[in-house]
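Using the numbering used here, you'd call the opening residue of the sequence shown number 206 and step up by one each time.
Ideal Cβ placement from N, Cα and C applies to all residues, glycine included.
This structure is a prediction, so every number in the text was calculated from the model and none was measured.
Input: a single structure, listed below in structure tokens.
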Amino acid sequence: MSNIKDNKSLNPFSTFRYIKELDGFSKFFCLIIFLSGIGIYSYASALNYFFKFYEKVSADTIGTFVMCSSLLAFLGTAFFLEKLLKRFKEKIIHKVMIFTGIILMSFIFFRVKSGTTPYFIMAAYTMTYEIVRSLGNTIIARRYVENQGKILGVVSAADSLGNAVGSFLSGHLLAFNPFLPFIANIGIMAVVLILIKNFSRVFLINSD
């Protein structure tokens, strides 16, 4: 018991101490994962409330949509992603999926704004962001032969913190304007894509 206390392994914030052990690219990608979590969950956490209070959708419809979204996300990460990885590099798939998500969310926003709810496209978007989240973890973990558990702990912490911030923002955005979560998602993910395209290579070269 004394060893546990000495190592402070019960401190929920101790994981963040390991960030300083990461190389420049991995630190940069932790920022990407954090921002992606904010962008994704500023929309995802608000969606059911948007359906319930603004679209006046029944609970049965919301439940069916959540089930279909989860099923499509499972199929995407379990099968579709596997096929993509056989043909393309992880970093390319990651960027393409973020871009695809921005396109889908733009379409969703304009359809919802016009009074139509594109449930299938929304479910497809869920699949893209689950693929993005899965790839974010592996892109960093593959850079380390040892201590992958510790590295994944840092990545998961960055992801969870982004999710928490996004979920917190979602309620305020929804209260201010029901369409703001969609706009915030598009804006934040666009910033993420710009950062990846313009700076990831710089950090990668410096780290290598």
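With DSSP as the reference, label G320 as helix, strand or coil.
Here residue 320 corresponds to residue number 115 of the sequence shown, with the count starting at 1. It is coil, neither helix nor strand.
Secondary structure at E335, three-state DSSP: helix, strand or coil?
Residue 335 sits at position 130 when you count from the first residue of the sequence shown. Three-state DSSP puts E335 in a helix.
Starting from D265, follow the alpha helix (DSSP H) in both directions and report where the run begins and ends.
Taking the sequence shown and counting its residues from 1, the one referred to as residue 265 is at position 60. Per DSSP, D265 belongs to the alpha helix (DSSP H) from 264-280.
Hey, would you say G244 sits closer than 9 Å to A389, going by beta carbons?
Residue mapping note: residue 244 aligns to position 39 of the sequence shown, counting from 1. Residue mapping note: residue 389 aligns to position 184 of the sequence shown, counting from 1. Contact flag set, yes.
Nearest by alpha-carbon distance to V397: which of I224, L379, L240 is it?
On the sequence shown, residue 397 is found 192 positions in, with the first residue counted as 1. Among I224, L379, L240, the Cα nearest to that of V397 is on L240.
Quick one: using the 10 Å Cβ neighbour count with 16 as the cut-off for buried, is R222 buried or exposed?
Along the sequence shown, one-based indexing puts residue 222 at 17. Exposed: under 16 other Cβ atoms inside 10 Å.
Based on Cα-Cα distance, which residue from M332, D228, T322, K300 lies nearest to F284?
Working through the sequence shown from its first residue, we reach residue 284 at position 79. Nearest C-alpha to F284: M332.
Out of I267, F233, A380, which has the shortest C-alpha to C-alpha gap to F325?
Along the sequence shown, read from residue 1 onward, the residue named residue 325 stands at position 120. Of I267, F233, A380, the residue nearest in Cα terms is I267.
Buried versus exposed, by CB contacts within 10 Å (16 or more), M327:
Counting from one through the sequence shown, the residue named residue 327 turns up at place 122. So M327 ends up on the buried side.
May I ask you to verify whether the region 271-281 touches the region 365-373, counting CB pairs closer than 8 Å and requiring at least 3?
no
So R292 is in the alpha helix (DSSP H); what residue range does that whole segment cover?
Numbered from 1 along the sequence shown, position 87 holds the residue referred to as residue 292. Here the alpha helix (DSSP H) through R292 covers 286-292.
Do I303 and H394 come within 9 Å of each other at the CB atom, strictly closer than that value?
As a working mapping, residue 394 is identified with position 189 in the sequence shown. As a working mapping, residue 303 is identified with position 98 in the sequence shown. For the sequence presented, residue 394 should be read as Met rather than His. Yes, the Cβ-Cβ distance between M394 and I303 is below 9 Å.
For the candidate residues F381, Y334, S247, V359, whose alpha-carbon lies nearest to that of A346?
Your numbering for residue 346 matches position 141 in the sequence shown. Here the closest residue by C-alpha is V359.
Cβ separation of V262 and G306, assumed to be a contact under 8 Å, to the nearest whole Å
Locating residue 262 in the sequence shown gives position 57, counting from the first residue. Locating residue 306 in the sequence shown gives position 101, counting from the first residue. No, V262 and G306 are not in contact; Cβ-Cβ is about 23 Å, not under 8 Å.
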